[in-house]
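*Asks:*
Here's what the structure looks like:
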């Protein structure tokens, strides 16, 4: 038999299950080699528990610790401080297994496990993760129940049942506190830059960057409109503009603030204002997405001179904001500095494209005629594809226009902006998204990474206005009329990084219906969480009239007290309703003995009482001795044997029948 301070088999099983459940959510967060450490430590601890191996020598544990610290120092160069801190906590959590011997060591591991469950919400806030964390809490609590159980108690499922009952009893009080207790700001600020890689547009653009995003089905943002949706071919979601070109790559200059540049959104009776709310996923960047052209936006955001929206800080967590947009030309008198910046090109390179642009400019009278000629040129022999040929060298525009003639939206937007600038027409490339999938279950428009798009804008000197120009409209007009999923369904590279979900996007199968239902539920969850503070404030004002500390305390204590009374009452009633079979049997014996004028004395234990009865009734001394032993075994064992209880009742029946009546 193991010493009492050692862990039992049941406790060890639940401990290892708890460790695996707690560390699993961090698979995509912490460095991958930490899971090799998890397999090593868990496997080693199993071998130690089975008696096949010994605990590792202190020198081995020291080497493991040093290797972990060195590995995390290397990871710190590329990762964030938050990720490294959590990784260190996970590593210490795992290394503790190599020296865990006593029950108090197991308690330390389980307390750290509870902390890791809380930390997982720094990285994940979805509905499945909330339920998974609740299940992890139940399992860790079950393991806590087993730490100080005796070795004779071998029922492995009983701790889990007890833990589930505890959480069910605590659920009403938890709901009361969650709904009523006001949310407070953090006591300190923590950099929540998790270091995770974000999928989406970046602050520079080469022709092949946008096509690579079609491999991903990740959601960029969701939008819900208060009224009618814009037509499919008008769902241009502006992200950022690119106005510097080095011969291969477009980059973004630092745009000026709105107040420094005078511009006017020209009203038109045919234009319509769109009011909508966006729930935007984390990008790690400052820009925010919105339909062209944003008229109204939150005070925490600013509209820059290139009509892009920018937040005060990089978007590291999911955010919701409201916008009003109008699809209309923007009148802006370009000053000399900005005029020249939108004509910037490298001094050399792409000579054939320059000559073509100059020839068109000499033959055509204005910018509109030039753009019409350029679109006709693109519509003639060019092909729209997700897998365009590579364009090596500095003359990528020439190679695209006169050799390969195959490309994605980024190729056409880049080449079009180059031709316009070479002809002396100010132009810029715009990056964002086009389209969106309507979910009929919640009325929200989901815009995904594979709907990333690039187009261009040119400035017309006649009306001093910026005009949108999308070469994709003539090369692949279906891109503006149908969803990207339908258009790209035959492309092998489409959703190449999400092959398991490919059928759920490309067919009307059950998988697609399940996906839409889950996304609707998830969208509602995110909106509810993001707006919870306003909902809670409105609920409290409606309930209390005026929010004060005293009223809040009363609102917490009164329902909380009622919930506790309800739980205590249910436990009392259940215990009262559940009659103890030993008590009922002894009650029957007491009634029979009272007929003989005998009763149990004050302070007399059951064993002493049965011994005295054996002396009073010598013919039943063996039965009373057996009753005394059965009672002690049943009363003081954690799991009483049903056969002992049956034997106890049989002995009571025999004594009752053989005790003479008065």
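In the working numbering, the protein residues as written are 380 to 1041.
Backbone N, C-alpha and C fix where the C-beta goes; we use that ideal spot for every residue, glycine too.
Here the structure is a predicted model, which is why all the values come from computation and not from measurement.
#1: In terms of residues, what are the limits of the beta strand (DSSP E) holding residue 466?
#2: May I ask you to list the residues that DSSP assigns as paired with residue 680?
#3: Quick check on DSSP: helix, strand or coil for residue 986?
#4: Express the C-alpha separation of residue 903 and residue 610 in angstroms, rounding to a whole number.
#5: Measuring alpha carbon to alpha carbon, tell me which of 523, 403 and 591 ends up nearest residue 511.
#6: Considering residue 816, what are the terminal residues of the beta strand (DSSP E) in which it resides?
#7: Thinking C-beta only, is residue 686 closer than 8 Å to residue 709?
#8: Kindly indicate the opening and closing residues of the alpha helix (DSSP H) around residue 718.
#9: Use the C-beta contact count for residue 741: other C-beta atoms within 10 angstroms, 16 or more gives buried, fewer gives exposed.
#10: Quick one: grab the DSSP three-state call for residue 674.
#11: Hey, residue 1013 and residue 968: beta-carbon distance below 8 Å or not?
#12: Can you tell me whether residue 416 is buried or exposed, with buried defined as 16 or more other CB within 10 angstroms of its CB?
#13: Are there 16 or more other CB atoms within 10 angstroms of the CB of residue 716, so buried, or fewer, so exposed?
#14: Mark residue 431 as exposed unless 16 or more other C-beta atoms lie within 10 angstroms of its C-beta, in which case mark it buried.
#15: With a threshold of 8 Å, are at least 3 pairs of Cβ atoms found where one atom belongs to the region 816 to 825 and the other to the region 583 to 595?
#16: If you run the structure through DSSP and keep just helix, strand and coil, what is residue 493?
#17: Using only the alpha-carbon positions, how far apart do residue 475 and residue 406 sit?
#18: Going by the beta-carbon positions, is the gap between residue 1044 and residue 501 smaller than 8 Å?
#19: So for residue 394, helix, strand or coil by DSSP?
#20: Taking DSSP's pairing of strands, which residues face residue 786 in a bridge?
#21: Taking the continuous alpha helix (DSSP H) assigned at residue 899, which residues delimit it?
#22: Buried or exposed: where does residue 940 fall if 16 or more other Cβ atoms within 10 Å of its Cβ makes it buried?
#23: Express the C-alpha separation of residue 522 and residue 401 in angstroms, rounding to a whole number.
#24: Does the count of Cβ pairs from the region 434 to 452 and the region 462 to 482 closer than 8 Å reach three?
#25: DSSP has residue 811 in a bridge; who is on the other side?
#26: Whose C-alpha, out of 471, 424, 425 and 427, is nearest the C-alpha of residue 443?
#27: From the DSSP output, in three-state form, read off residue 553 for me.
#28: Determine whether the beta carbon atoms of residue 808 and residue 593 lie at a separation below 8 Å.
#29: Whole angstroms is fine: what's the gap from residue 983's alpha carbon to residue 399's?
#30: Leaving out five residues before and five after residue 994 in sequence, what residues of the same chain have Cβ atoms less than 8 Å from its Cβ?
#31: DSSP three-state label for residue 779, please.
#32: Can you give the Cα-Cα distance for residue 601 and residue 825, rounded to whole angstroms?
#33: Does the Cβ of residue 480 have 16 or more other Cβ atoms within 10 Å, making it buried, or fewer, making it exposed?
#34: Below 8 Å on the Cβ atoms is my contact criterion, and I expect residue 795 with residue 616 to pass it. Report the Cβ-Cβ distance as a whole number of Å.
#35: So, residue 606 versus residue 654, is the Cβ gap smaller than 8 Å?
#36: Give me whichever residues DSSP pairs with residue 824 in a beta bridge.
*Replies:* For this structure:
#1: On the chain shown, residue 466 is found 87 positions in, with the first residue counted as 1. Here residue 466 belongs to no beta strand (DSSP E); instead the alpha helix (DSSP H) covers 460 to 474.
#2: As a position in the chain shown, residue 680 is number 301, starting the count at 1. Note: residue 680 sits in a beta bridge opposite 690.
#3: Position 607 of the chain shown, counting from 1, holds the residue named residue 986. Three-state DSSP puts residue 986 in a helix.
#4: For the purposes of this step, residue 610 is identified with residue 231 of the chain shown, where counting begins at 1. For the purposes of this step, residue 903 is identified with residue 524 of the chain shown, where counting begins at 1. Take the alpha-carbon of residue 610 and the one of residue 903: they are about 24 Å apart.
#5: Here residue 511 corresponds to residue number 132 of the chain shown, with the count starting at 1. It is 403 whose Cα lies nearest to the Cα of residue 511.
#6: One-based indexing of the chain shown puts residue 816 at position 437. First-last of the beta strand (DSSP E) with residue 816: 816 to 818.
#7: Position 330 of the chain shown, counted from the first residue, corresponds to residue 709. Position 307 of the chain shown, counted from the first residue, corresponds to residue 686. Their beta carbons are under 8 Å apart, which means residue 709 touches residue 686 by this criterion.
#8: The sequence position of residue 718 within the chain shown is 339, counting from 1. Counting along the chain, the alpha helix (DSSP H) containing residue 718 begins and ends at 715 to 720.
#9: Along the chain shown, read from residue 1 onward, the residue named residue 741 stands at position 362. Answer is exposed; the Cβ neighbour count stays below 16.
#10: The sequence position of residue 674 within the chain shown is 295, counting from 1. Residue state, collapsed to three classes: strand.
#11: In the chain shown, counting from the first residue as 1, residue 1013 sits at position 634. In the chain shown, counting from the first residue as 1, residue 968 sits at position 589. No, they are not a contact pair.
#12: Translated into the one-based positions of the chain shown, residue 416 becomes position 37. Buried: at least 16 other Cβ atoms inside 10 Å.
#13: Here residue 716 is taken as the residue at index 337 of the chain shown, counted from 1. Burial call: exposed.
#14: In the chain shown, the residue the question calls residue 431 occupies position 52. Residue 431 comes out exposed.
#15: no
#16: Taking the chain shown and counting its residues from 1, the one referred to as residue 493 is at position 114. Residue state, collapsed to three classes: helix.
#17: Position 96 of the chain shown, counted from the start, is the residue given in the question as residue 475. Position 27 of the chain shown, counted from the start, is the residue given in the question as residue 406. Between the alpha carbons of residue 475 and residue 406 lies a gap of roughly 19 Å.
#18: Since the first and last residues shown for the chain are 380 and 1041, residue 1044 lies out of range.
#19: Within the chain shown, residue 394 is the residue found at index 15, counting from 1. Correct three-state label for residue 394: helix.
#20: On the chain shown, residue 786 is found 407 positions in, with the first residue counted as 1. Paired residue(s): 763.
#21: By 1-based counting over the chain shown, the position of residue 899 is 520. Residues 889 to 909.
#22: The residue you call residue 940 lines up with position 561 of the chain shown. With fewer than 16 other Cβ atoms within 10 Å, it is exposed.
#23: The residue given as residue 401 occupies position 22 in the chain shown. The residue given as residue 522 occupies position 143 in the chain shown. If I take the Cα positions, the gap works out to 13 Å.
#24: yes
#25: Counted from its first residue, the chain shown places residue 811 at position 432. Answer is 617 and 832, bridged to residue 811.
#26: Position 64 of the chain shown, counting from 1, holds the residue named residue 443. Closest by alpha carbon: 471.
#27: Locating residue 553 in the chain shown gives position 174, where the first residue counts as 1. It is helical.
#28: Within the chain shown, residue 808 is the residue found at index 429, counting from 1. Within the chain shown, residue 593 is the residue found at index 214, counting from 1. For residue 808 and residue 593, no; Cβs fall outside 8 Å.
#29: For the purposes of this step, residue 983 is taken as the residue at position 604 of the chain shown. For the purposes of this step, residue 399 is taken as the residue at position 20 of the chain shown. When rounded, the distance between both Cα atoms is 51 Å.
#30: Taking the first residue of the chain shown as 1, we reach residue 994 at position 615. Cβ within range, chain order: 1000.
#31: The residue given as residue 779 occupies position 400 in the chain shown. In the structure shown, residue 779 sits in a helix (DSSP, three-state: H, G or I).
#32: Along the chain shown, read from residue 1 onward, the residue named residue 601 stands at position 222. Along the chain shown, read from residue 1 onward, the residue named residue 825 stands at position 446. When rounded, the distance between both Cα atoms is 5 Å.
#33: Counting from 1 along the chain shown, the entry for residue 480 is found at position 101. With fewer than 16 Cβ atoms within 10 Å of its Cβ, residue 480 is classed as exposed.
#34: As a position in the chain shown, residue 795 is number 416, starting the count at 1. As a position in the chain shown, residue 616 is number 237, starting the count at 1. At roughly 20 Å, the Cβ-Cβ gap does not stay under 8 Å, so residue 795 and residue 616 are not in contact.
#35: Position 227 of the chain shown, counted from the start, is the residue given in the question as residue 606. Position 275 of the chain shown, counted from the start, is the residue given in the question as residue 654. A contact, by the Cβ cut-off of 8 Å.
#36: For the purposes of this step, residue 824 is identified with residue 445 of the chain shown, where counting begins at 1. BP columns for residue 824 point to 602 and 817.
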